[in-house]
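Residue numbers (the working numbering): 597 to 817. Notes follow the structure.
Okay, structure coming up:
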């Protein structure tokens, strides 16, 4: 009788192999977790940088890069020499109006402007005009300049109601000044600026000065 073949049981998995497989699985899970954490950190850093840049740009937009209109003031006005006799203006006298004007630049960059035009009106009619050279108001500084206007005597004398007002000892005139320029910040922001100054002036013949003055400023950006 032939011997029966012996059936050998399948060899069980080695404990070392099982432990090694578990270690590989754990290592794979840890690597995935690290990658996720690194990705989350990168996304967080990128988001933080974007927020910081946005906040910085917003601050710059409302501070350094924000262009504001210059503040123009008429400090004083003289009319030299304006002479009267017997209640009338002496026709032989030259009439020159000189206005002391200050330009305050509140911006972080210089304000460069072209030729300044000033006109003087009496009774709604133009009686004088002057043009002054270009200038530069430095950043956050105030510059002063004299605006000179030659008043045409013939136009002034032809204005209705002039003699009656001169007889009262005063003379009220209107002036209009326009300043056009540009503010340029770091060659990034370039803004054209136009300043218009309308003033009503009352000249007193006794004190030889301006006794009343009212100005309205209009700025276009």
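Where is the CB? At the ideal position from N, CA and C, for every residue including glycine. Quick caveat, the model's predicted, so the values are computed rather than measured.
Check residue i in the structure and name its three-state DSSP category.
i: residue 818; result: Only positions 597 to 817 of the chain appear in the structure, and residue 818 is not among them; the question remains open.
i: residue 755; result: coil
i: residue 763; result: helix
i: residue 640; result: helix
i: residue 815; result: strand
i: residue 706; result: coil
i: residue 632; result: helix
i: residue 722; result: strand
Taking the alpha-carbon of residue i as reference, which of the options has the nearest alpha-carbon?
i: residue 767; options: 796, 817 and 750; result: 796
i: residue 817; options: 665, 703, 806 and 793; result: 665
i: residue 808; options: 633, 674, 691 and 639; result: 674
i: residue 667; options: 639, 804 and 776; result: 776
i: residue 704; options: 788, 750, 694 and 736; result: 736
i: residue 739; options: 748, 709 and 765; result: 709
i: residue 762; options: 771, 770 and 752; result: 752
i: residue 779; options: 756, 662 and 719; result: 662
Just the Cα atoms here: how many angstroms apart are residue i and residue j?
i: residue 641; j: residue 624; result: 26 Å
i: residue 773; j: residue 649; result: 42 Å
i: residue 598; j: residue 627; result: Confidence at residue 598 is low in this model, with a pLDDT of 49, below 50, so its placement is unreliable and the value that follows should be read with caution. Residue 598 and residue 627: Cα-Cα distance of roughly 58 Å.
i: residue 723; j: residue 741; result: 22 Å
i: residue 716; j: residue 646; result: 55 Å
i: residue 672; j: residue 813; result: 16 Å
i: residue 643; j: residue 630; result: 20 Å
i: residue 803; j: residue 815; result: 33 Å
i: residue 754; j: residue 721; result: 10 Å
i: residue 633; j: residue 706; result: 50 Å
i: residue 693; j: residue 769; result: 11 Å
How would you label residue i, buried or exposed, when you count the other beta carbons within 10 angstroms and need 16 or more for buried?
i: residue 670; result: buried
i: residue 564; result: What the structure shows of the chain is the stretch from 597 to 817, and residue 564 is not part of that stretch, so it cannot be assessed.
i: residue 635; result: exposed
Should the stretch 691 to 704 be regarded as contacting the stretch 719 to 737, the criterion being three or more beta carbon pairs within less than 8 Å?
yes
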